[in-house]
Amino acid sequence: SNPVIPGHEIAGRVHAVYYNDKSNKNKNSNDNDRVKVGQLVVIEQAASCGRCWFCQRGYRHKCDELKIYGQGIDGGMAEYMRVSSNSSKWHVIPDYVPDIHASFLEPLSVGIHAVDQAHSALCVGMSMSHEHKHEHKQATSMTLNENVHGRGRGSDSINDQSEQNSNQALAVVSGCGSIGLSVISSLKYAYGDRVKVIALDFDEQKLALADKTGADVVIQPPTGSNSNGNVQKLAMDVASLSPSSNGGCDAYFGCAGVPMSITQGLECLRKMGTLVHVGIWHGGEVNTGCNWNVISAQKELCVVGSSLGGPTQTKTWQRAIEMIEMGAMPMDDIVSHSLPLDQFHEAHLMATKGSCDKGRSVIKCVMDLTTR
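Quick note: the sequence shown uses the working numbering, first residue 28, plus one each step.
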């Protein structure tokens, strides 16, 4: 394959705009088609055809001809990049949002979609009625303006529910990098205290940031926790923290990108819970060594994948923008490092190692093209 410019988490200022009447007929119409020079915009990571079965139904993140910026086509780590509305979507960001914070909207949209995937299991944990559960699902997924998924302006409906439902759902997030932190923040922004969140990570600095992001409990698993004994111990600890005494967590989010995370999840979940696999395993096929009978006969689990920002109709990007605008995440801590483009190799090395020379953990390293 031909080399491409990397970068799929993209925020930048509009330098020039060229209009083509034909572009108005495409299936990837943007919320703000008529952008203006100088505006801050974020570019969704997926470039899609707009014509295939998936695009026609709003699943452009699963397009038959999908390309990801920085992987299949040139990405954002350049002084300029060209974006076409025929294949891409963008969103205009208010000027009061720092450019560097806007670049985090891509992983945040991934976290929001992952939380959506576990909505039904979390509703069961909160003891919503069957009818109320489906009404709430439609509201959280389809309606941005009602803000029912918000901690701030949208928290009234959730507070009303808390008077009727005494139970609290339990969610476990394994891996507290940028995606895991996005899941934690999305859970708290959507459900507030209706969901208790446990964060797992080996890195103490990441756990401290998970706590700051909203996790109710942080746990550092013992070294070598892929052994059966340690996995069982962790599952017992999770069960002991369950507000409902139902034997485990309602939803488990595997964000670590390692097989151990899935093994832990199957053990930590209650019967009929949901495991959301978000992390990406590098190197292709991986043998988890899991007992798959746990999924069927023993617990009847739901195992679901989560990819990119999800369907267009769930408006994950718009919800992510709202969260950033509302200050729902400690962005100055999450964007742990910012370097100019001519220090790309240093940034790549830090991201690969997971730490800088000063020993500080790398959560999110941003290439800032406005500095030299």
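Every residue gets a Cβ at the ideal spot worked out from N, C-alpha and C, and that includes glycine.
Whole-angstrom distance between residue j and residue i, CA atom to CA atom
| i | j | result |
| --- | --- | --- |
| GLU327 | MET299 | 5 Å |
| GLY39 | GLY77 | 24 Å |
| VAL62 | GLN340 | 22 Å |
| ILE100 | VAL258 | 41 Å |
| VAL321 | LEU293 | 7 Å |
| CYS276 | SER154 | 14 Å |
| ALA74 | LEU93 | 6 Å |
| VAL210 | ASP369 | 32 Å |
| PHE131 | VAL285 | 23 Å |
| CYS203 | LYS215 | 15 Å |
| ASP126 | ILE289 | 35 Å |
| VAL200 | VAL44 | 41 Å |
| CYS90 | SER365 | 33 Å |
| ASN194 | SER272 | 10 Å |
| VAL119 | ILE307 | 29 Å |
| ARG87 | ALA324 | 35 Å |
| GLN188 | GLY219 | Note that GLN188 has pLDDT 39, beneath the 50 cutoff, so the model's placement of it is unreliable and no number is given. |
| PRO134 | GLY354 | 16 Å |
| ASN29 | GLY97 | 12 Å |
Beta-ladder partner(s) of residue i, from DSSP
| i | result |
| --- | --- |
| HIS364 | CYS392 |
| GLY281 | SER201, HIS304 |
| CYS276 | LEU296 |
| ILE95 | ALA73 |
| ILE37 | ILE70 |
Range covered by the alpha helix (DSSP H) that runs through residue i
| i | result |
| --- | --- |
| VAL151 | 146 to 152 |
| LEU227 | From DSSP, LEU227 is part of no alpha helix (DSSP H) but of the beta strand (DSSP E) over 222 to 227. |
| TRP117 | Here TRP117 belongs to no alpha helix (DSSP H); instead the beta strand (DSSP E) covers 117 to 120. |
| CYS329 | Note, CYS329: premise wrong, no alpha helix (DSSP H); beta strand (DSSP E) at 329 to 332. |
| CYS82 | 80 to 83 |
| ILE100 | Careful: ILE100 lies outside any alpha helix (DSSP H) and carries neither H nor E. |
| GLU231 | 231 to 240 |
| ASP126 | 126 to 129 |
As assigned by DSSP and simplified to three states, the class of residue i
| i | result |
| --- | --- |
| TYR216 | helix |
| VAL299 | A quick correction: the sequence has Met, not Val, at residue 299. Looking at MET299 - three-state DSSP - the assignment turns out to be strand. |
| HIS42 | coil |
| ALA73 | strand |
| LEU67 | strand |
| LYS89 | helix |
| VAL32 | The sequence given here has Ile at residue 32, not Val. Note: ILE32 maps to coil in three-state DSSP. |
| LYS342 | coil |
| ILE322 | coil |
| ASN113 | coil |
| GLY256 | helix |
| GLY337 | coil |
| GLY138 | helix |
| GLY207 | helix |
| VAL265 | helix |
| PRO286 | helix |
| MET350 | helix |
| ALA355 | coil |
| ALA105 | coil |
Range covered by the beta strand (DSSP E) that runs through residue i
| i | result |
| --- | --- |
| ALA198 | 196 to 201 |
| ILE246 | 244 to 246 |
Beta-carbon gap between residue i and residue j smaller than 9 Å
| i | j | result |
| --- | --- | --- |
| VAL224 | ALA242 | yes |
| ILE246 | ALA217 | no |
| SER136 | LEU335 | yes |
| VAL69 | HIS42 | no |
| ALA302 | VAL331 | A quick correction: the sequence has Leu, not Ala, at residue 302. Contact: yes. |
| ILE37 | GLY103 | yes |
| GLY85 | PRO338 | yes |
| ALA278 | ALA196 | yes |
| VAL362 | HIS128 | yes |
| ALA198 | ALA145 | yes |
| VAL244 | LEU268 | yes |
| VAL222 | LEU149 | yes |
| ASP228 | ALA141 | no |
| SER388 | ASP230 | yes |
| THR240 | MET350 | no |
| GLN72 | ILE95 | yes |
beta-carbon residue i near the ligand NAD non-hydrogen atom, thresh 8 Å
| i | result |
| --- | --- |
| GLN83 | Looking at this structure, you won't find the ligand NAD or any other ligand, since it has none at all. |
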